[in-house]
Every structure is written in structure tokens, then in C-alpha cells.
Amino acid sequence: MIQLQKISRHYPVGFGKNYILKDIDLTINEGEFVSIMGPSGSGKSTLLHIMGLLEEPSEGQYLFEGERVDKMNEKKRTQLHRGSIGFVFQAYHLIDELTVYENIETPLLYKNIPASERKSRVADVLDRFNMVAKKDLFPNQLSGGQQQLVGIARAIVAEPRVILADEPTGNLHSDQAKVIMQLFKHLNEQDKITIIQVTHSDVNATYGNRVIQIRDGQIQP
Amino acid sequence: MLVSYLRIAWRNLRKQKVFAAVNIIGMSTALCAALLLSLTAYREWTYDNFHENGAHIYEVLGKENTGINIKTGSSMAQPLAEAIQKEVPGVKHFSFMAADNLPVRYGANHYYLGTQMVNADFLKMFTFPLLKGNKNNALQELNQVVLTQKAATTLFGNSEAVGKTIELNLGGKWRPLIVSAVAVDIPDNSDINFEMLVRLENEPEYAVTKNEWNASNFPLFIQLDPGVTAASFEKNIIPLLHKYYNGKIEDLRKNAGATAKNSEVFWLEALPLRDFHLDENSHFYSGLNKFYPWLMIILSVLIVGIACINFINLSIARSFGRSGEIGLRKSLGAQDRQLLFQFWMEAFLLCCFALVLSLLLMISLLPYYNQVFGHSIALHVFRNINVVAGVVLGFFVITLLAGGYPAWKVARLNILEVLKGKLGLGKSSGVRNGLIILQFVAAVVLISCTAVIWQQLKFIQAAPLGYNTSQVISIPLDNAPPSVIAAMRNRLAEFQEVKSVTGSMLNLGLGKDGSSGNWTRGFSYKDRHITTQCLVVDYNYATTLDLKILAGRDFSKDYGTDSTGVVINEKMAKQLGVADPVGMEFKMGDDQPVHVIGVVKDYHYESLRKKIDPLVMVINEPSALYYVFVKVETPNPVAAMERIEKVWKNLNPLAENDASFLDENTQRLYQQEQRFSKIFVSGAVLAVIISAMGLFAIAVLVMAQRRKEIGIRKVLGASISGIVLLLSKDFLRLVLVAVVIAAPAAWYFMYRWLQNFEYHVAIHWWVFVIAGLLAVVIAFLTVSMQSVKAALANPVNSLKRD
Numbered sequence: 001m002i003q004l005q006k007i008s009r010h011y012p013v014g015f016g017k018n019y020i021l022k023d024i025d026l027t028i029n030e031g032e033f034v035s036i037m038g039p040s041g042s043g044k045s046t047l048l049h050i051m052g053l054l055e056e057p058s059e060g061q062y063l064f065e066g067e068r069v070d071k072m073n074e075k076k077r078t079q080l081h082r083g084s085i086g087f088v089f090q091a092y093h094l095i096d097e098l099t100v101y102e103n104i105e106t107p108l109l110y111k112n113i114p115a116s117e118r119k120s121r122v123a124d125v126l127d128r129f130n131m132v133a134k135k136d137l138f139p140n141q142l143s144g145g146q147q148q149l150v151g152i153a154r155a156i157v158a159e160p161r162v163i164l165a166d167e168p169t170g171n172l173h174s175d176q177a178k179v180i181m182q183l184f185k186h187l188n189e190q191d192k193i194t195i196i197q198v199t200h201s202d203v204n205a206t207y208g209n210r211v212i213q214i215r216d217g218q219i220q221p
Numbered sequence: 001m002l003v004s005y006l007r008i009a010w011r012n013l014r015k016q017k018v019f020a021a022v023n024i025i026g027m028s029t030a031l032c033a034a035l036l037l038s039l040t041a042y043r044e045w046t047y048d049n050f051h052e053n054g055a056h057i058y059e060v061l062g063k064e065n066t067g068i069n070i071k072t073g074s075s076m077a078q079p080l081a082e083a084i085q086k087e088v089p090g091v092k093h094f095s096f097m098a099a100d101n102l103p104v105r106y107g108a109n110h111y112y113l114g115t116q117m118v119n120a121d122f123l124k125m126f127t128f129p130l131l132k133g134n135k136n137n138a139l140q141e142l143n144q145v146v147l148t149q150k151a152a153t154t155l156f157g158n159s160e161a162v163g164k165t166i167e168l169n170l171g172g173k174w175r176p177l178i179v180s181a182v183a184v185d186i187p188d189n190s191d192i193n194f195e196m197l198v199r200l201e202n203e204p205e206y207a208v209t210k211n212e213w214n215a216s217n218f219p220l221f222i223q224l225d226p227g228v229t230a231a232s233f234e235k236n237i238i239p240l241l242h243k244y245y246n247g248k249i250e251d252l253r254k255n256a257g258a259t260a261k262n263s264e265v266f267w268l269e270a271l272p273l274r275d276f277h278l279d280e281n282s283h284f285y286s287g288l289n290k291f292y293p294w295l296m297i298i299l300s301v302l303i304v305g306i307a308c309i310n311f312i313n314l315s316i317a318r319s320f321g322r323s324g325e326i327g328l329r330k331s332l333g334a335q336d337r338q339l340l341f342q343f344w345m346e347a348f349l350l351c352c353f354a355l356v357l358s359l360l361l362m363i364s365l366l367p368y369y370n371q372v373f374g375h376s377i378a379l380h381v382f383r384n385i386n387v388v389a390g391v392v393l394g395f396f397v398i399t400l401l402a403g404g405y406p407a408w409k410v411a412r413l414n415i416l417e418v419l420k421g422k423l424g425l426g427k428s429s430g431v432r433n434g435l436i437i438l439q440f441v442a443a444v445v446l447i448s449c450t451a452v453i454w455q456q457l458k459f460i461q462a463a464p465l466g467y468n469t470s471q472v473i474s475i476p477l478d479n480a481p482p483s484v485i486a487a488m489r490n491r492l493a494e495f496q497e498v499k500s501v502t503g504s505m506l507n508l509g510l511g512k513d514g515s516s517g518n519w520t521r522g523f524s525y526k527d528r529h530i531t532t533q534c535l536v537v538d539y540n541y542a543t544t545l546d547l548k549i550l551a552g553r554d555f556s557k558d559y560g561t562d563s564t565g566v567v568i569n570e571k572m573a574k575q576l577g578v579a580d581p582v583g584m585e586f587k588m589g590d591d592q593p594v595h596v597i598g599v600v601k602d603y604h605y606e607s608l609r610k611k612i613d614p615l616v617m618v619i620n621e622p623s624a625l626y627y628v629f630v631k632v633e634t635p636n637p638v639a640a641m642e643r644i645e646k647v648w649k650n651l652n653p654l655a656e657n658d659a660s661f662l663d664e665n666t667q668r669l670y671q672q673e674q675r676f677s678k679i680f681v682s683g684a685v686l687a688v689i690i691s692a693m694g695l696f697a698i699a700v701l702v703m704a705q706r707r708k709e710i711g712i713r714k715v716l717g718a719s720i721s722g723i724v725l726l727l728s729k730d731f732l733r734l735v736l737v738a739v740v741i742a743a744p745a746a747w748y749f750m751y752r753w754l755q756n757f758e759y760h761v762a763i764h765w766w767v768f769v770i771a772g773l774l775a776v777v778i779a780f781l782t783v784s785m786q787s788v789k790a791a792l793a794n795p796v797n798s799l800k801r802d
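Keeping their order, the protein sequence lines are chains A and B.
FYI, full-length UniProt numbering numbers position 159 of the first sequence as 159, with every residue one higher than the one before it.
FYI, full-length UniProt numbering numbers position 426 of the second sequence as 426, with every residue one higher than the one before it.
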């Protein structure tokens, strides 16, 4: 599903280059649950951003579902963002001015889904996450764990093929983290959604079925 | 989607009350001011636009090259009109126009009606629709009269007007006239105003000068055939002028000498109808400078511009606080143009609020505005589709300017950086600083212009005019018959405080009747062409007005020969070129020769905008007196005036216009400038307030941004004053730059404006220093309100929060 070939990312320093990622070769198949681990500054977030098309690689090729996407124009890239890729952020990034319901609805608005279908899909997701009672609350009225649940609900409502999660439990305590990780596992096993997460926690990594260690911009064998 | 945008916009507005308030209040007051000003300009520009033949109607202006300058005259000789129609191709209609306020009687009732005396073609040229009667024959006969509906109702009530006979007093005689038509009341944007139209041939002067080529009495209007241009008319008329004005042209050519070797010295120009209202040579010129409507547009653009700048700065600043949302939307698949649309729509929403508020504000301010600034804008202008379209279009442009740039800027933000929260409101940004400078340039220009205008008005009000303004009362005679005037003179003699009485053809300054005029005559003297203003006066004119007599004497009843005597001013004496003019004789045209009996020191018989022209005062036409001047010497001049007025109203119950002291009249001359300065002051105050509001909001943001820095500095031992200075410094620097840019610009504008006045103040450098200081102080106060608050805050709070 995701094929990275000789991917590098660097920025110029003086006359030379400083590599954040160097010659990454990586293939992730559909239905995998991958954890990317590594120390701070090792380049794992950059790798995730490149996979999520938020950042362009300096060198190399990136094939998403067999299609080259590393030099894609904005329009096609937004199509992928709308349909195939869902994001979950460490800082949740909910829109403060929108309620839980409206936050979850937003990706569907960008997909131009008709109102009636939108309603039923948001209702389904709310139901599934046991958040029907909270649908009219604003993000600042929720606990961190609940906010991240909303963040995940928002990521899956558009039925993406892959979820990219950047330290999804980094701001949560361990009980909440457990709930979130179980949810990911469930989404992976039941809904067959490919999940790629960046994490520091060994415990979290055990929920996945593959761990990629990254150090100094290179994948450790 | 739209609903979601609206929802988020609305919630954002409610959350950030300071910004919403600054934006909405600033924008709505600015829009309100801009609406009022542009409607005023629009009204001035759309005067007389209802005439169907408007594109082909012209006023004929005479131009003479006197060798020193080009003189323009708006009165034409009567035989010229017919000659033009017969001999110049393409002239369809012509009409003279003479406006007067004439006494009318119907049955036992007397009225004064505003009258235009015109020629037969008048109604065919100008579009004044008739309710009853036919425009082709309504003025066919000399004894016909056309009334407006209002006048007809005044005279006849609800009964039929057409066919009734009324009597009109012309030159002291009552003459019967038959009502031939009733016209719709004159629209309020018409320069040609009347309640009654009569044929010009009824005017007593008419027969006297019927065949006089050298007497120019009335302004002449022509309608050209479609396809005939003003230029071709001006060219085709030259042979005709050479035929009838050969003598005058020869005189002028001698005067002009080398300056006019290969060009015409006397020619006619056609002034198109659209310029009637604002061209200073036009018969209808109201004194409103052509540039003023433009100035109002400029002023409204400035004010709206300042509000837009606030909008832009605040929106950009605020959007950094929403960077999370922007990044998130991008990661959810929002395209740049969708974000652009979303943020523009928020601006649009805010502007809509502001527009609605400004319309309400405008409607409630309109009566006050009209009263203070002497304009007459009515709300029915909004029935005009052009006005509505203009407002809507202008509004869209404003939302694009105010909302478009921030939206564009926000949409282009780098998604990763915003998601990571790396973007913040920097300590300063080029665009923002540039815009703040621009705002304060506008504010400082307006402040210093206001100061200079104010000085000039003071100067005008205090300038010695060369005659007694404080003790002389002027009474408009309103066409009272000579017998009444004689009676008035006798009654005045009984008053203790009345020192002397005289009369004149023209008022000094602008009286309560609002009429003004001049009489220019040209003649040859010793083979030179002499142009001079001419004034019919009564005995004791110089004495009553305290004019300084340099040589000779005033008109006096003690001498018998005064009917052929003239009193001239210094300028005229200089033009005649005679060392001791008293006693000399000259001939003004074909009239009797006159001799000079006195020379008076030049005095400002016209406004200070003009140089003093040569002047000849004559006394030979007692019927041509329209004003009486009374000099009083009393500790209570107001009471004296009331008593005199009472006597006058008793003698002439029809008198419409009140008496006034001459100093009131001279003030009235500068009404336009006074209104103009009021508008300017209001504009300047508004601009400064809106700028300060914007600066305040930006300061709030910057202080919030620098809370932590301030906390650290305080912990490290910075003093409060040091911090206030540190925080205010950046803003003050911007304002200082603005002052440096604004001063030369303001100097230039004011230099140009002062050129309108022959007599004006000098522009002092300290005006700009004071204006600049004022701006700096205002900016400092605004910013320090925030910086003091930030500096006083307990550093523990700001540091703990992070």
C-alpha cells in the first residue's frame, strides 16, 4: 500500500546538507498496524509527515497504492487527504469553536457528502465511541482522552484506508492511552484500516504487529 | 459547508469581543462617513442630469484677451442670440435667462414668486415636464406665464390654473398675464429654479438694449443639433464675431499686443450643461469648488482605507491564533481556495454587520449632517439604481480589500508549521508596520490640513476689508418701488442713531437674500481697451461705508453735476494711467462722457478669493438700487437693527429678506470654506479615532504575545518605566515615520488649496510639528494603556502559565 523508495529529506547547512532522513526504503502492506519508534530528533515524525503528504521528500519515490505521489499537485493531494488518509495528532487539533458533532462532521463537508448521509455517518461514529451524550459539547469541556477520541472519530468518519497517528497518546495518562490503543487495534482488526503510529512507548508498540526502529534518519535493521 | 463557516465565524466573533468591536465599530463609522460624503459628492455631480437634451445644451461664455489675462464673461448681447441662430449652422434653440423675485397679484392677494425670464424656446430646450398645457406654445405669446404646481396651488388653491389671469409687477407697473401651463415642481437637483416662467421681453430693460451689441445683460443658453460639437460651434461663430464686434476686437488687439498676434482676442466658448453646477464661469456657479466633491471622495477613501487597514491587521494577527484550525483543515483536505473563501466570508460577514449598522447610523445622522454641513441629501437617492449598485460594488471591493488579503495570507501558510504551532505573531511584520504607517500618514495629513484651513478661515474673518463692516446694516429691497425707498429714507432720518444712509446695486458680502453679481464694462480709452467693474450707488456711499477717499470727494447732493460724475478706486486710476485723475473725463461706450469726482482707496468689494478689480461707481440710475446701507452708531446695534427692520417691514410688507450687518454678510461669503473645514475636522477626528482603535487592538495582541518576555525581564530586574518604553518604542517609531512622510504631503495639498485665495496665510512649519506631536501623543496614550498594564502584571502569572 505504501512504498517508500530511497526517500531522503534534508535541508541545507552552510555548504553541505543536513539529512533528517536518508535513503529510507520501506513497504507497508494493507491491513498492517505499524509502530515507528526512535529517540527525539531521529526523523520519525518527518517520515510520518512524508507518508501523510504533508511534507515532500527531497529525494526518492513514494508510491501510494501503486501511484507516484511524491510530486503530486495540490488538487490530487487534497483528494487523498479527503478520501484515503486520516490523521490523529498528539495535540488533538480539534477546532475550538465547533462542537464535538461539528468537528466530526467537518471532513465530510470537505468530501461534499449530502446532509442526510452526513448525519447518519456522524451518528454512527458517535454511537460507536459512546459519545452521543457529548455531541453538543465544545472541545474545552472534554478531558484530554475524550478529546483524542473525538480526534480519532474525526479521522475515521471519512472512512480512510490508512490512519497516521503522531504520538496519539503523548498528552494522555496511561489509562486513557490504553483505551485509545485498544480502539486502534479494534479499528485495525475489524475495519481493516491500516494504522501507522509514531510512539515513544514500548507498551503502545505492542498493540501493533510490526515495529520500525529509526535512528539518525535511517531505519535500523 | 457554508453553514459550518458561518457558525465558526459567528462563534469566533463572540469569542474575540475586542477585535469584533474594533472592526465593527471602526468599519461602520467609516462606512457611514464614506456613504454620507460620497452621496454628497454624487449629488453635486448629478445636478441637472434630468434634461433630455442635456448633451446638446450649452451656456455661451465670452472670452477676452486683455493683454494681462483672459477675462470670461457670462452675459451676452441680445442681438447676438438671434444672429447666432440665423448665421451659425447647427444651433437649434436659444434662450436667455434672467432670474428675479417678482411681486404677483391675484385678486386681493400679493405674492413674491421666483421667476425666470426666458425666451420662447426655453421649455423645448430644458426638461421641465408640464402637468397642463403644451410646451410648444406655452411661452409663444408675450402675455403668457407658466407656473409650477406649487405656485399654482399658492395662487389658486385647488381650482384650475390654466386660463386664469394674474398680474405681475415689472418696473413698477402691473401687467396682466395669462397662465398657459402648469409645470411639475422643480427637482431639488436643478440649478435652474423657478416658480414662474415669463417671457424675457417683458423685462423693462429688454427694449432698451434690444439692438445693443455692446451691452451684455443676460446669460445665453443654446441647444445645438445632435452631431454638432461645441468645438465646431466655437469655430463657426468666429466670422460672426468679426462681423459684429470689429471695433472691440481692434481695441483688444491693440491692448494685447504681441501676446495675441496670431490668435483671437475675443471669442465665445460653449460650456456644456454638465459643467453648469461646478464650473466657476457658469452662470449657476454656487461657489462650490470643483475640487470639493473629489475631496469628499478622497476623504471617504482615506477613512474607509484606515478602517480596512485595521481590519487587515487584526484579521492577520487573529488568524495566527487560529493556526491550529487552519492546519487541521488543510490535513482534512481543504484546498487553499476553500480556506480563502472561508476567511473571506468571515470578513464579509463582519462587513455586512458594519454595513447594516452604518446604514442605520447614516439614516439617523442624516438630518444632523444636512443641517451642520448645509447639504440636502435625501434618502430617496437610494431609489436610484446607480446609487444602490455603487454602494453594493463599493462594499464588495471593501470586503475584498479588508478580507481578501488576510485570507490569502492565511490560506498560503505552511501546513506543517501551523500544525506544530511554530507560527506566531512576530514582534513586528513588514506589512503590518507599513499599514500602520499608512494610517498615521493619513491621520497626520488630515490634522495638519485642518490646522491650516482653520488658520486661513480665521485670517479671512479678521482681515481688514477697507470698509466699515460692524456698524453698517444692509437691507435687501426685494424690488420695492422707488416711492417706498424714498419713504424709508425719510423715516430713517428720524432715528437718532442713524448716521447716514446710502444705496447700491450690489450687496457687500452675501446677504440673507443670497444673491450676488457683478457688472463688468469694457470700453476704449486713448486707444486702449479698459475693463472695469461698474457699480450703481446712491449719495454718501463712501461716507456711509467709511471708504477712505484719497482724492476728490464722495457723491453728494450739494453738487448738481453728480449724475455724470463717477468715483473710481485706485486700481481703476492706475489702469487709466493718469497721475491726478480727479476732474478727468472719459466715455464708457456709447454713454454720455463721465468725469471723475473722487478716488477711493481699494477696498474688498468682492471676496478675498479674488484680487481687487478696477471699479467705477456711478449714480445715474436711481431705479437700479437693490440694497440700502444704513450706518448706525449706538451701544446696542442689535436693537437698532430690529427697530429699523420693523420700519422697513411696515413700509414694505412684501419684503421677504431680513436685514443684516455687513460683517454677517462677509462671513457668509466663506460658508463653503466653513462647511469644508467642518467636514475636514470631522474627517480628521474620525480618522484619528479609527487609527487609534486599530493601534490599540494591535497593542493588545502584541502585549499578549510578549507576556512571557515581560515576565522574564521583570524577574531579571527591569523597571516598569523601562518596560513601558520598550513596549511603546516600536509603535512610536512607526508614527514618527508617518509624520515625516505626512508633513510634505499636507504642505503640498494646503499650498494648492490656498492658491484659491488671492489673500491667504503662510504655511508655518510649526503646524506640522504640532500635528505630528499630537499624533505621537495619541499613539503613545493608546499603546501605553496596554503596555502599562502588561508591565504592572505579576510576572509569576505570566511565567506559570507557560
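Here a beta-carbon is modelled for each residue, glycine too, at the ideal position from N, C-alpha and C.
Taking 9 Å as the threshold (C-beta atoms), are B/L701 and B/Q456 in contact?
no
Which runs of the alpha helix (DSSP H) at least 4 residues long sit entirely within the segment 749 to 794 of chain B? Give them in chain order.
765 to 792
Can you tell which of B/R432, B/I166 and B/V788 has its C-alpha closest to the C-alpha of B/A108?
B/I166
Taking only beta carbons into account, state which residues of the UniProt domain "ABC3 transporter permease C-terminal" (297 to 415) of chain B come closer than 9 Å to chain A, listed in chain order.
R322, G324, E325, G327, L328, R329, K330, S331, L332, G333, A334, Q335, D336, Q338 and I415
Can you give the beta carbon distance from B/T40 to B/I377, rounded, assuming they're within the 8 Å contact cut?
6 Å
Give the single residue among A/E105, A/L142, A/F33 and A/E167 whose Cα lies nearest to the Cα of A/A123.
Out of A/E105, A/L142, A/F33 and A/E167, the CA that lies nearest to the CA of A/A123 is found in A/E105.
Taking contact to mean at least 3 C-beta pairs separated by less than 8 Å, is the segment 79 to 92 of chain A in contact with the segment 47 to 62 of chain A?
Touching, yes.
Out of B/L465, B/R489, B/Q667 and B/H764, which has the shortest C-alpha to C-alpha gap to B/V630?
Looking at the Cα atoms, B/R489 is the closest of the given residues.
Just verifying my parser: in three-state terms, what is the DSSP assignment at B/F311?
Helix at B/F311.
Is B/A640 closer than 9 Å to B/F495 when the C-beta atoms are compared?
yes
Across the segment 70 to 81 of chain A and the segment 112 to 128 of chain A, are there enough close Cβ pairs to call them in contact, namely three or more that are closer than 8 Å?
no
Please report the straight-line C-alpha distance between B/V740 and B/A9, rounded to a whole angstrom.
39 Å
Along the chain, where does the alpha helix (DSSP H) containing B/V18 start, and where does it finish?
K17 to W45
Can you say whether A/H186 is buried or exposed, counting buried as having 16 or more other CB atoms within 10 angstroms of its CB?
Label assigned to A/H186: exposed.
Within a Cβ cutoff of 7 Å, which residues of the same chain sit near B/P204, ignoring the five residues on either side of it in sequence?
If we look at B/P204 and ignore the five residues flanking it on each side, its Cβ neighbours are L170 and G171.
In whole angstroms, give me the CA-to-CA distance for B/A451 and B/I770.
9 Å
Just reading off the beta strand (DSSP E) that A/Y11 is part of, what are its end residues?
I2 to V13
Nearest CA to the CA of B/V445: which residue from B/V484, B/R553, B/L200 and B/L302?
B/L302
Taking CB distances under 9 Å as the criterion, tell me whether B/R801 reaches chain A.
Caution applies to B/R801, whose pLDDT of 48 falls short of 50 and renders its modelled position unreliable; the model cannot decide the point.
Okay, do the segment 79 to 87 of chain B and the segment 157 to 166 of chain B touch, 3+ Cβ pairs below 8 Å being the bar?
Too few Cβ pairs lie closer than 8 Å, so no.
Could you check whether the Cβ of A/Q79 sits closer than 9 Å to any Cβ belonging to chain B?
Residue contact check for A/Q79 against chain B: a CB pair falls below 9 Å.
Compare the beta carbon distance of B/Y106 and B/L654 with 9 Å and say whether it is the shorter of the two.
No, they are not a contact pair.
Could you check where the beta strand (DSSP E) with B/Y627 kicks off and where it finishes?
Its beta strand (DSSP E) spans residues Y627 to V632.
Who does A/H200 pair with in a DSSP beta bridge?
A/H200 pairs with nothing; no bridge assigned.
Hey, quick one: how far does the alpha helix (DSSP H) through B/I186 stretch, first residue to last?
Counting along the chain, B/I186 falls outside any alpha helix (DSSP H), and DSSP gives it neither H nor E.
Starting from B/M1, find everything on chain A with Cβ-Cβ shorter than 7 Å and list it in chain order.
Neighbours of B/M1 on chain A, chain order: L109.
Leaving out five residues before and five after A/S58 in sequence, what residues of the same chain have Cβ atoms less than 6 Å from its Cβ?
Excluding sequence neighbours, A/S58 sits near S8, R9 and H10.
Kindly list, in the order they appear in chain B, the residues whose Cβ is closer than 9 Å to that of A/R118.
In chain B, no part has a C-beta under 9 Å from the C-beta of A/R118; the shortest such distance is about 10 Å.
Going by DSSP, what residue range makes up the beta strand (DSSP E) through B/M588?
Element bounds for B/M588: n/a, residue is neither H nor E.
Please state whether the Cβ-Cβ distance between B/S315 and B/G511 is less than 9 Å.
no
Give a yes or no on contact between the segment 59 to 77 of chain B and the segment 185 to 196 of chain B, applying the rule of three or more CB pairs nearer than 8 Å.
Touching, no.
Count the CB pairs spanning the segment 396 to 416 of chain B and the segment 345 to 352 of chain B that are closer than 8 Å, and state whether there are at least three.
yes
Excluding the five sequence neighbours on either side, which residues of its own chain have a C-beta within less than 7 Å of the C-beta of B/V600, listed in chain order?
Taken in chain order, the residues that qualify are A542, L547, K548, I549, L550, V567 and N569.
For the beta strand (DSSP E) that B/L477 lies in, which residues bound it at each end?
Here B/L477 belongs to no beta strand (DSSP E), and DSSP marks it neither H nor E.
My assumption, with CB atoms under 8 Å, is that B/V265 sits in contact with B/I249. Please give the rounded CB distance.
Between the beta-carbon of B/V265 and that of B/I249 there is about 6 Å, and that keeps the pair under the 8 Å contact cut.
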